[in-house]
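*Asks:* Please see the structure below; I have some questions.
There are 2 protein chains.
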Amino acid sequence: MDKIYFSGRRSVRRFLPEPVSDAMLTEILELAAKAPTCGNMQLYSVVVTRDEERRKQLAALHFNQPASTGAPVLLTICADFARFTRWCELNHADAAYDNFLSFTSAFADAMILAQQITTIAEMQGLGTCYLGTAIYNAPEISALLKLPRMCMPVACLAIGWPDGEGVATERLPLRAWVHEEEYRADSDEEILDLYKVKDEFPGNAAFPAENGKDNLAQVFAEVRYPRAMNEEFSRKLLEWLRFEH
Amino acid sequence: MDKIYFSGRRSVRRFLPEPVSDAMLTEILELAAKAPTCGNMQLYSVVVTRDEERRKQLAALHFNQPASTGAPVLLTICADFARFTRWCELNHADAAYDNFLSFTSAFADAMILAQQITTIAEMQGLGTCYLGTAIYNAPEISALLKLPRMCMPVACLAIGWPDGEGVATERLPLRAWVHEEEYRADSDEEILDLYKVKDEFPGNAAFPAENGKDNLAQVFAEVRYPRAMNEEFSRKLLEWLRFEH
Numbered sequence: 086m087d088k089i090y091f092s093g094r095r096s097v098r099r100f101l102p103e104p105v106s107d108a109m110l111t112e113i114l115e116l117a118a119k120a121p122t123c124g125n126m127q128l129y130s131v132v133v134t135r136d137e138e139r140r141k142q143l144a145a146l147h148f149n150q151p152a153s154t155g156a157p158v159l160l161t162i163c164a165d166f167a168r169f170t171r172w173c174e175l176n177h178a179d180a181a182y183d184n185f186l187s188f189t190s191a192f193a194d195a196m197i198l199a200q201q202i203t204t205i206a207e208m209q210g211l212g213t214c215y216l217g218t219a220i221y222n223a224p225e226i227s228a229l230l231k232l233p234r235m236c237m238p239v240a241c242l243a244i245g246w247p248d249g250e251g252v253a254t255e256r257l258p259l260r261a262w263v264h265e266e267e268y269r270a271d272s273d274e275e276i277l278d279l280y281k282v283k284d285e286f287p288g289n290a291a292f293p294a295e296n297g298k299d300n301l302a303q304v305f306a307e308v309r310y311p312r313a314m315n316e317e318f319s320r321k322l323l324e325w326l327r328f329e330h
Numbered sequence: 086m087d088k089i090y091f092s093g094r095r096s097v098r099r100f101l102p103e104p105v106s107d108a109m110l111t112e113i114l115e116l117a118a119k120a121p122t123c124g125n126m127q128l129y130s131v132v133v134t135r136d137e138e139r140r141k142q143l144a145a146l147h148f149n150q151p152a153s154t155g156a157p158v159l160l161t162i163c164a165d166f167a168r169f170t171r172w173c174e175l176n177h178a179d180a181a182y183d184n185f186l187s188f189t190s191a192f193a194d195a196m197i198l199a200q201q202i203t204t205i206a207e208m209q210g211l212g213t214c215y216l217g218t219a220i221y222n223a224p225e226i227s228a229l230l231k232l233p234r235m236c237m238p239v240a241c242l243a244i245g246w247p248d249g250e251g252v253a254t255e256r257l258p259l260r261a262w263v264h265e266e267e268y269r270a271d272s273d274e275e276i277l278d279l280y281k282v283k284d285e286f287p288g289n290a291a292f293p294a295e296n297g298k299d300n301l302a303q304v305f306a307e308v309r310y311p312r313a314m315n316e317e318f319s320r321k322l323l324e325w326l327r328f329e330h
């Protein structure tokens, strides 16, 4: 068990211009497919973007984050019940997977696969970075990649050979997020104490002043992930997904 | 890179009665916390269930699947925006995370963590099995584990020392789910051909006759994951989650 890999892992947002070979990517995907999947249905698809022009188009839908513009390969990981539904229909089976529960099953499958790809790629020396913005612009990404209905992009992985080591980031103490037997009702003081590791992390120290805020929490809630953005993208997604049940 | 582990991995549903030590579980969780997380917000919590009476109660909410009744430890992995929201509010920040977009961010974080725990535990010789039913009975599990609003169970991991090797299962060929540059529009014949590996897998051969169905797809769509169940649980979940946006 490679404890040193797991304890030291970090995301990489800058990549060398070298390509990732087809053979290497194929092996990573083959190995990752042994990850657990709901009822062994493999409710996911992956769209590989290598073409330079397409990478630019896709990166724009990820707000041109540095990891999206510089990586030689972008993998769009999709929660996909479309393929399974087609197989069912071709077998005259009454498939009913256009609903919220089935969406969550496919979402889980896709994220399990995404993380397995991440681990296997990183263990081979590649650098990776998740682009969570795949969900923000899911309708537009679906159009670009010609995804069918019931196939939704839920994550994008930027992959390439690392240029530098990536930046080490802090984590909450275990007791902030691990609960024994039942969810612990922390006091206000305990919550504030648990998050001190974030408030006091050197890499975070400049953010409040840079953003004209009093503290780090306000930077998160009012600058990085603010109400107007969350609620606007939520409405867009729910209208696009059209869950009737 | 332990290719043999990745290529041979399988889920384990039967466990020896030996416990998993606190020290080992703590180390697994510490290492897993270095997994990627959205904006480094760690939008997850884990509830550890070891107590025998509580394990029985929790297993019942997983329909007493064998993996749920026999494992010495059950980890309920939660998509948790509740803790982060409390921290924001205590810092007088305008937190707006009770919406669908934020739910998907926390869901993704929780599944990335779940898969990192799975890999690290299995690499140390433990057996694991996902219980996707965490979502089916999310409201009841939340009540049992005293989860706050905006903290939803999205997966449960049964963990223990394996009794036997688990059962090897088939996977679709890579070209079924990997698409170059854009989603490939397969013909009906191609879809049926891609799924032959499932139809013809020896472990699946008896299922249609056992279930009075013509083929494997009908077993999935009409017996294992049927319309009435999907739609009933979907409605229950959406009513409980109450997404306004």
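Residue numbers (the numbering used here), protein chains in the order written: chain V, 86 to 330; chain B, 86 to 330. Glycine included, each C-beta is placed from N, C-alpha and C at the ideal position.
1) Among residues of its own chain, excluding the 5 on either side of Arg95(B), which ones have a beta-carbon nearer than 8 Å to its beta-carbon?
2) Looking only at its own chain, which residues have a Cβ that is under 7 Å from the Cβ of Leu230(B), when we skip the five neighbours before and after it?
3) Which chain B residues sit within Cβ distance under 9 Å of Thr204(V)?
4) If you follow the alpha helix (DSSP H) that Ala167(B) is part of, which residue opens it and which one closes it?
5) Please report how far the alpha carbon of Arg269(B) lies from the alpha carbon of Pro224(V), in whole angstroms.
6) So the candidates are Phe188(B), Thr213(B) and Met126(B); which of them puts its Cα closest to the Cα of Leu101(B)?
7) How about Ser153(V) and Leu216(V): do their beta carbons lie closer than 8 Å?
8) Suppose you measure from the CA of Thr134(B) to the CA of Glu317(V); what does that come to, to the nearest Å?
9) Restricting to Cα atoms, I'd like to know which of Glu267(V), Leu259(V) and Phe305(V) is closest to Lys119(B).
10) Given this structure, state the Cα-to-Cα distance separating Leu198(V) from Arg320(B), to the nearest angstrom.
11) Let me know if Trp325(B) comes out buried or exposed under the rule of 16 or more other beta-carbons within 10 Å of its beta-carbon.
12) Output the distance between the C-alpha atoms of Arg327(B) and Arg234(B), rounded to the nearest integer angstrom.
13) Would you mind telling me which residues of chain V sit closer than 8 Å to Glu138(B), beta carbon to beta carbon, in chain order?
14) Please report the Cβ distance between Ile276(B) and Trp262(V), rounded to the nearest whole angstrom; I am assuming they are in contact, meaning their Cβ atoms lie under 8 Å.
15) Once you ignore the five residues that flank Glu174(B) on each side, which residues in its own chain have a CB closer than 7 Å to its CB?
16) Compare the Cα-Cα distances from Pro121(V) to each of Met109(B), Glu307(B), Ala228(B) and Ala243(B) and report the closest residue.
17) Which chain B residues are close to Ser190(V), counting only those with a beta carbon under 7 Å from its beta carbon?
18) So if I threshold CB-CB distances at 8 Å, which residues from the stretch 254-267 of chain V count as touching chain B?
19) CA-CA distance, Ala228(B) and Pro151(V)?
20) Tell me the start and end of each unbroken alpha helix (DSSP H) in the stretch 240-294 of chain V that is at least 4 residues and wholly inside, in chain order.
21) Could you pull out every residue in the same chain whose Cβ sits closer than 8 Å to the Cβ of Asp284(V), ignoring the five residues on either side in sequence?
22) Could you tell me whether any Cβ in chain B is nearer than 8 Å to the Cβ of Arg312(V)?
23) For Tyr221(B), which of helix, strand or coil comes out of DSSP?
*Replies:* According to the structure data:
1) Residue numbering aside, residue 95(B) sits at position 10 when the second sequence is read from its first letter. These residues qualify, in order along the chain: Glu250, Gly251, Val252, Ala253 and Thr254.
2) For the purposes of this step, residue 230(B) is identified with residue 145 of the second sequence, where counting begins at 1. If we look at Leu230(B) and ignore the five residues flanking it on each side, its Cβ neighbours are Val132 and Thr161.
3) Taking the first sequence and counting its residues from 1, the one referred to as residue 204(V) is at position 119. The answer, in chain order, is Phe91, Ala120, Gln200, Gln201 and Thr204.
4) Mapped onto the second sequence, residue 167(B) falls at position 82. Counting along the chain, the alpha helix (DSSP H) containing Ala167(B) begins and ends at Ala167 to Leu175.
5) By one-based count along the second sequence, residue 269(B) stands at place 184. By one-based count along the first sequence, residue 224(V) stands at place 139. Answer to the nearest angstrom: the Cα atoms are 18 Å apart.
6) The count along the second sequence starts at 1 and reaches residue 101(B) at position 16. Nearest C-alpha to Leu101(B): Thr213(B).
7) Locating residue 153(V) in the first sequence gives position 68, counting from the first residue. Locating residue 216(V) in the first sequence gives position 131, counting from the first residue. Yes, the Cβ-Cβ distance between Ser153(V) and Leu216(V) is below 8 Å.
8) As a first step, residue 134(B) must be located in the second sequence, where it is residue number 49. As a first step, residue 317(V) must be located in the first sequence, where it is residue number 232. Cα-Cα distance, rounded: 38 Å.
9) Sequence index remark: in the second sequence, residue 119(B) carries index 34 (1-based). Closest by alpha carbon: Leu259(V).
10) Looking up residue 198(V) in the first sequence gives position 113. Looking up residue 320(B) in the second sequence gives position 235. Approximately 27 Å between the Cα atoms of the pair.
11) One-based indexing of the second sequence puts residue 325(B) at position 240. That one is exposed.
12) In the second sequence, residue 327(B) corresponds to position 242, counting from 1. In the second sequence, residue 234(B) corresponds to position 149, counting from 1. Cα-Cα distance, rounded: 11 Å.
13) Locating residue 138(B) in the second sequence gives position 53, where the first residue counts as 1. Correct list: empty, because the minimum Cβ distance to chain V is about 10 Å.
14) On the second sequence, residue 276(B) is found 191 positions in, with the first residue counted as 1. On the first sequence, residue 262(V) is found 177 positions in, with the first residue counted as 1. Incorrect: roughly 42 Å between the Cβ atoms, too far for contact.
15) Along the second sequence, read from residue 1 onward, the residue named residue 174(B) stands at position 89. These residues qualify, in order along the chain: Ala180.
16) One-based indexing of the first sequence puts residue 121(V) at position 36. Of the listed residues, the one whose Cα sits closest to Pro121(V) is Ala243(B).
17) One-based indexing of the first sequence puts residue 190(V) at position 105. Residues of chain B passing the Cβ test: Gly217.
18) Thr254, Glu255, Arg256, Leu257, Leu259, Ala261, Trp262, Val263, His264, Glu265, Glu266 and Glu267
19) Taking the second sequence and counting its residues from 1, one reaches residue 228(B) at position 143. Taking the first sequence and counting its residues from 1, one reaches residue 151(V) at position 66. Each residue's alpha carbon lies about 42 Å from the other.
20) 259-262, 273-279 and 281-284
21) Position 199 of the first sequence, counting from 1, holds the residue named residue 284(V). Once the five neighbours on either side are set aside, the close Cβ partners of Asp284(V) are Asn300 and Leu301.
22) Sequence index remark: in the first sequence, residue 312(V) carries index 227 (1-based). Yes, because at least one Cβ of chain B sits closer than 8 Å to the Cβ of Arg312(V).
23) On the second sequence, position 136 is the one that residue 221(B) refers to. Three-state DSSP puts Tyr221(B) in a helix.
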